[in-house]
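What follows is one structure encoded as structure tokens, with my remarks underneath.
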Amino acid sequence: MSRFFAFKRGSLISLALAALLALAPAVAEARMGGGGSFGSRGSRSWSAPPSTRTMPGTASPFERSVTPRPSPGMAGPMSQPGGVFGGGFGRGLLGGLAGGLLGAGLFGLLTGHGLFGGMMGFASVIGLLLQIALLVFLARLAFNWFTRRNADVMAGAGHRPSPGFNSPFAARAPFGAAGFGSGAAPEAAMARPIKLAAEDFNAFERLLGETQAAYSREDIGALRGMSTPEMASYFDDELEENRRKGVVNRVSDVKLLQGDLSEAWREGVDEYATVAMRFSLKDEMLDRATNRPAPGWEGQSETTEAWTFRRPSGAGAQEWKLSAIQQAA
Numbered sequence: 001m002s003r004f005f006a007f008k009r010g011s012l013i014s015l016a017l018a019a020l021l022a023l024a025p026a027v028a029e030a031r032m033g034g035g036g037s038f039g040s041r042g043s044r045s046w047s048a049p050p051s052t053r054t055m056p057g058t059a060s061p062f063e064r065s066v067t068p069r070p071s072p073g074m075a076g077p078m079s080q081p082g083g084v085f086g087g088g089f090g091r092g093l094l095g096g097l098a099g100g101l102l103g104a105g106l107f108g109l110l111t112g113h114g115l116f117g118g119m120m121g122f123a124s125v126i127g128l129l130l131q132i133a134l135l136v137f138l139a140r141l142a143f144n145w146f147t148r149r150n151a152d153v154m155a156g157a158g159h160r161p162s163p164g165f166n167s168p169f170a171a172r173a174p175f176g177a178a179g180f181g182s183g184a185a186p187e188a189a190m191a192r193p194i195k196l197a198a199e200d201f202n203a204f205e206r207l208l209g210e211t212q213a214a215y216s217r218e219d220i221g222a223l224r225g226m227s228t229p230e231m232a233s234y235f236d237d238e239l240e241e242n243r244r245k246g247v248v249n250r251v252s253d254v255k256l257l258q259g260d261l262s263e264a265w266r267e268g269v270d271e272y273a274t275v276a277m278r279f280s281l282k283d284e285m286l287d288r289a290t291n292r293p294a295p296g297w298e299g300q301s302e303t304t305e306a307w308t309f310r311r312p313s314g315a316g317a318q319e320w321k322l323s324a325i326q327q328a329a
């Protein structure tokens, strides 16, 4: 009996330790956003932003977003694999040609001329089909060449700050677009790259600090003024969860160490800019009653994230609002 109770006690201790380990990441990852990836990047929400010097890898995909995922069928037939005639038109053409050949063979069998005897009467039709196939082949080659040429031109349109722009963005990692990613949604095809000015980058650095300070004060009103309604709702949920747990997240001494532009574009009535930022901060999770560090808390002093900002097209730098946060994968 004593062995049974000893075994049961050991099992309970093991389960308790496992539960603490499972909860540890949720406690250790505090700061604004809780170390997650969420928000929206317009039509590019489900395509990874181009890598940069600050974030050479990829950004984690969104865990929460109001932008619906595109269905697999949204990709156009020209983008589907299958070689030169991989598109639906090419497959239809080759299928029709094969069907014509099979039909000619069956006609020959029915008329007593053998499997291929009836093909002579269709020689002119087959020749015409072969000429059409050749034209389609040449058209596809031309289309692919123009597509690659336009993509190279777009990728070469780099974004650089105005001369004399003094900030961690320019000083430590000069701006340069790593390429303009194409989103999966059809609207992405209508997106156009935009150039940013020094005041835009100053606004990004300012919002980095001011949003963190408002989050630390639990000032949801200020967060609504600096972020999109979607992001403000996520922050509100996080702050409410902290209150329910009896803890408060204090973030201070936020300092941008390095930053560079991933991509900036206009689509519809909005403009977007995604920037990679490495910054230091003092991150504390405190017990709301005692103001002491919460159990299991391990503060983080430095992190790298991709932040996306949105503003109305043609608006000034003061109109940028935080639209998404993504962690480095």
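Per the working numbering, residue 1 is the first one in the sequence shown, and the count goes up by one each step.
Where a beta carbon is used, it is the ideal one built from N, C-alpha and C, also for glycine.
Report back the beta-carbon spacing between residue i and residue j to the nearest angstrom; my notes put them in contact at under 8 Å.
i: S313; j: R266; result: 6 Å
i: T211; j: M32; result: 6 Å
i: A329; j: G35; result: 13 Å between Cβ atoms; not a contact.
i: A324; j: T308; result: 4 Å
i: W46; j: P72; result: With a Cβ gap of about 12 Å, W46 and P72 do not count as contacting.
i: D287; j: G299; result: In fact, because the Cβ distance is near 14 Å, the residues do not count as touching under 8 Å.
i: P49; j: T274; result: 4 Å
i: R53; j: D260; result: 5 Å
i: A276; j: A315; result: Going by Cβ atoms, the distance from A276 to A315 rounds to 23 Å, so no, they are not a contact pair.
i: S252; j: S216; result: 6 Å
i: S40; j: E319; result: With a Cβ gap of about 17 Å, S40 and E319 do not count as contacting.
i: S207; j: L322; result: For the record, residue 207 in the displayed sequence is Leu; it is not Ser. Indeed, because the Cβ distance is near 6 Å, the residues count as touching under 8 Å.
i: S60; j: Q327; result: 5 Å
Put residue i into one of helix, strand or coil per three-state DSSP.
i: T336; result: There is no way to answer for residue 336, as the model of the chain reaches only from 1 to 329.
i: D283; result: strand
i: M78; result: The predicted model places M78 with a pLDDT of 35, which falls under 50 and marks its position as unreliable; any figure quoted below should be read in that light. Three-state DSSP puts M78 in a helix.
i: V269; result: coil
i: L94; result: Its pLDDT being 44, under 50, L94 is placed unreliably by the model, and nothing is read from it.
i: M55; result: coil
i: P312; result: strand
i: L196; result: coil
i: E302; result: strand
i: R288; result: coil
i: P168; result: helix
i: P72; result: helix
i: A191; result: coil
i: R31; result: coil
i: S60; result: coil
i: A139; result: helix
i: A48; result: coil
Report the partner residues of residue i according to the DSSP bridge assignment.
i: I325; result: F38, W307
i: S43; result: R41
i: G259; result: M277
i: N202; result: DSSP output for N202 lists no bridge partner at all.
i: A264; result: A273
i: S252; result: K282
i: P293; result: L286
Between residue i and the rest of its own chain, which residues show a CB-CB distance below 6 Å, the 5 nearest in sequence each way excluded?
i: L223; result: A214, A232, F235
i: I220; result: D236
i: F165; result: Interpretation of F165 is limited by its pLDDT of 38, a score under 50 that renders its predicted location unreliable; no figure is taken from the coordinates.
i: M285; result: A30, V247, N249, A294, W297
i: A317; result: E199, D200, A203
i: E218; result: L239
i: L21; result: Model confidence at L21 stands at a pLDDT of 38, short of 50, so the residue's coordinates are unreliable; what they give is reported in the following sentence. Here the set comprises nothing.
i: G42; result: E267, Y272
i: R311; result: E271, E319, W320
i: R278; result: T54, L257, Q258, T304
Starting from residue i, trace the alpha helix (DSSP H) in both directions and tell me its first and last residue.
i: M226; result: 220–226
i: K245; result: 229–245
In chain order, what residues of the same chain have a beta carbon less than 7 Å from the beta carbon of residue i, not counting five sequence neighbours either side?
i: E241; result: none
i: M190; result: E267
i: E63; result: G36, S37, F38
i: P168; result: L256, L257, Q258, G259
i: P68; result: none
Note down, in chain order, each residue of its chain lying with its Cβ closer than 8 Å to the Cβ of residue i, except the 5 sequence neighbours on either side.
i: S280; result: D253, V254, K255, L257, S301, E302
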